[in-house]
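Numbering-wise, our numbering puts 1600 at position 245 of the sequence shown, and it's gapless, one number per residue. All C-beta atoms in this analysis are idealised placements derived from N, C-alpha and C, irrespective of residue type, glycine included. Worksheet for the structure shown next.
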Amino acid sequence: MKIKFCGAAKTVTGSCYYIEACGRKFLVDCGMFQGKCENLNKEDFPFNPNELDFMILTHSHIDHSGRIPLLIKKGFKGGIYCTSATSELVDIMLRDSAHIQEKEAEWENKKRLRKGLEPIEALYTIDDAIKVKEFLFSVPYDKPQKIDENISFTLKDAGHLLGSAIVVLEINEKDKIKKVTFTGDLGNFNIPIIKDYEYIEETDYLITESTYGNRIHEIEKQTEDLYSIIVDTTKMGGNVIIPSFAVGRTQEILYILNHYIDIEKRKNLKTVEIYIDSPLAIQATEIFEKHKECYDDEALDLLNNDIDLINFENIRIIKSTEESMALNEKKGIVIISSSGMCEAGRIKHHLKHNIWRENSSIVFVGYQAEGTLGRKILDGEKEIKIYGEKMVVKAKIYNMQGLSGHADMNGILNWIMNIKKGVKNTIFITHGDVDAQENLKTELESITKAEIIIPNMFDEYII
């Protein structure tokens, strides 16, 4: 069996693993590169899409799914296996991504036309994204799925996002069964609405994420901090801008504001107007409300008592572009908008109108990949460019990594330590910046005898 690391190697985005086993060629994930690696999206795949038999998708986030339309455009004809919730979410997310690809190509071509240069094509179009639905096959958690007599897989709940999955592959080569496990993205403990991650019994090889492999989250403290930031900022007439991933993080932030803060403090929030400015988030929320099989006991108990999980009276949903633009005239409000890394979408307009205001606050609640606008702001750059215009950064900047959907270092280690029979051979560390990967490797060396490897991009291993 051969595995090739075609993404998320010594970087966070672009998750993609190419596997050859028992005469089959297939992928686990086919994500988009973001930030400093985004030019890799335009490069040819390091395999022939036409030769692939199938693909397994861990979850719908764009850094795991974002190049699927391109894969199909280049000749992929196999099935894509994922959970039911992922199947629905990835459909709307890829259409949204395609809209962004088309708009960015349109803007770039206007500039190229003025320079007398040839136009470029969008990475893929909305029509390309719509085709993906034809390739999706829904698979339940915890039920082995047989590809053929030699290859099967089981999906376990990763607790990261509605429908997110850990992939446990079973490969029978020469009458010897090998188990190869991909964590996908492991979830933070006590993420609102959805269940915590599931454990596995054993594996020969493990491919683990390491996004927060060198950090510890403080969920309870940061929930209180978020409340204080909102109240203090809006009282001063400033706006709170929360760049948030439309799928997952937005719904969870609403749940936190609705249920995690004590009743007396929640009363203070009732005077604050909270705007959800993301058409994708609205669609995603409808899908969240359908898939109660993914809910944890707390969320189900609330539903059984006819308590709404995320909607409360002072939330305003923004649908049209005109409504979104009108928010720029308001003061003392909260705007939750995508994209989470500030690379595209309506969030860039809200940053443009608020980041230079001393009384406003920018609150990051998810990981910011290196090279993205969100990472530049978080790293303390005093001047940034938005739509080509220089902006001075005077707003207060907050990093609420404890509200992230990713497990922290202890969460990753806990999951690995709870593999009952351990990892027999090798742990590959992916999906993280180098410092996070190196730190996780050091921690793992103290708790396991498995070989630990941090692969480079496009490295191949025979296992």
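task = Using 10 angstroms around the beta-carbon of Pro1499, count the other beta-carbons present and answer buried if the total reaches 16, otherwise exposed.
result = exposed
query = Does DSSP put Cys1361 in a helix, a strand or coil?
reply = coil
query = Does the Cβ of Asn1794 have 16 or more other Cβ atoms within 10 Å, making it buried, or fewer, making it exposed?
reply = buried
First through last residue of the alpha helix (DSSP H) which encompasses Lys1645 = Pro1634 to Lys1645
request  = Under 7 Å Cβ to Cβ from Cys1649, same chain only, skipping five residues before and after it: list those, please.
outcome  = Ala1440, Leu1517, Gly1518, Ile1549 and Lys1550
ask   = Would you call Leu1472 buried or exposed, if buried means 16 or more other Cβ atoms sit within 10 Å of its Cβ?
value = exposed
ask   = Is Arg1379 helix, strand or coil when you go by DSSP?
value = strand
key: As assigned by DSSP and simplified to three states, the class of Leu1561   = strand
query = Smallest Cα separation from Ser1716: which of Asn1403, Asn1594 and Ala1520?
reply = Asn1594
inquiry  = Count Cβ pairs between the region 1681-1698 and the region 1627-1636 that sit closer than 8 Å; are there 3 or more?
reply    = yes
query = Going by other Cβ atoms of all chains shown within 10 Å of its Cβ, with 16 needed for buried, is Phe1850 buried or exposed?
reply = Beyond the ends of the chain as shown, which are 1356 and 1818, falls residue 1850; an answer cannot be given.
ask   = Cys1697 by DSSP, collapsed to three states: which one?
value = coil
query = If we count the other Cβ atoms within 10 Å of its Cβ and call it buried at 16 or more, is Asn1811 buried or exposed?
reply = exposed
request  = Count the C-beta pairs between the region 1377-1388 and the region 1400-1414 that are closer than 8 Å, then say yes if the count reaches three, no if not.
outcome  = yes
request  = Report yes if the C-beta distance between Lys1686 and Glu1713 is below 7 Å; otherwise report no.
outcome  = no
inquiry  = If you reduce the DSSP assignment to three classes, tell me which class Ala1440 lands in.
reply    = helix
inquiry  = Taking the straight line between their C-alpha atoms, what separation do you get for Gly1726 and Tyr1567?
reply    = 17 Å
message = Contact defined as beta carbons within less than 8 Å: I believe Gln1577 pairs with Gly1766. What is the distance between those atoms, to the nearest angstrom?
response = Not confirmed; about 15 Å, so no contact.
message = So the candidates are Asn1569, Pro1598, Val1586 and Glu1557; which of them puts its Cα closest to the Cα of Asn1623?
response = Val1586
query = Is Ala1520 closer than 7 Å to Thr1438 when the C-beta atoms are compared?
reply = yes
request  = Measure the beta-carbon distance from Ile1818 to Tyr1560 and round it to whole angstroms, keeping in mind my assumption that it falls under 8 Å.
outcome  = 5 Å
request  = Count the C-beta pairs between the region 1459-1467 and the region 1402-1409 that are closer than 8 Å, then say yes if the count reaches three, no if not.
outcome  = no
message = Give me the residue from Tyr1582, Asn1669, Glu1798 and His1572 with the minimum Cα distance to Gly1721.
response = His1572
inquiry  = To the nearest angstrom, how far is the alpha carbon of Ser1801 from that of Leu1768?
reply    = 11 Å
inquiry  = List, from N- to C-terminal side, the beta strand (DSSP E) runs of 3 residues or more that fit wholly inside the region 1404-1482.
reply    = 1409-1411 and 1434-1437
ask   = Is Gly1542 helix, strand or coil when you go by DSSP?
value = strand
request  = Check whether the Cβ atoms of Asn1505 and Cys1371 sit closer than 7 Å, and answer yes or no.
outcome  = no
ask   = Among residues of its own chain, excluding the 5 on either side of Leu1426, which ones have a beta-carbon nearer than 6 Å to its beta-carbon?
value = Cys1385 and Pro1404
Opening and closing residue of the alpha helix (DSSP H) in which Leu1728 lies = Leu1728 to Leu1733
query = So, is Met1746 buried or exposed, given that buried needs 16 or more other C-beta atoms within 10 angstroms?
reply = buried
message = Which residue marks the beginning of the alpha helix (DSSP H) containing Glu1677, and which one marks its end?
response = Thr1676 to Ala1681
message = Taking the alpha carbon of Asp1788 as the reference point, which residue from Thr1480, Lys1359 and Gly1390 has its own alpha carbon closest?
response = Gly1390
query = What first and last residue would you give for the alpha helix (DSSP H) that runs through Lys1622?
reply = Ile1618 to Leu1624
query = Whole beta strand (DSSP E) runs in the region 1747-1779 with 3 or more residues, listed along the chain?
reply = 1751-1754
query = Which residue comes first and which comes last in the beta strand (DSSP E) that contains Val1595?
reply = Val1595 to Pro1598
message = Are the CB atoms of Val1602 and Ala1654 within a distance shorter than 7 Å?
response = no
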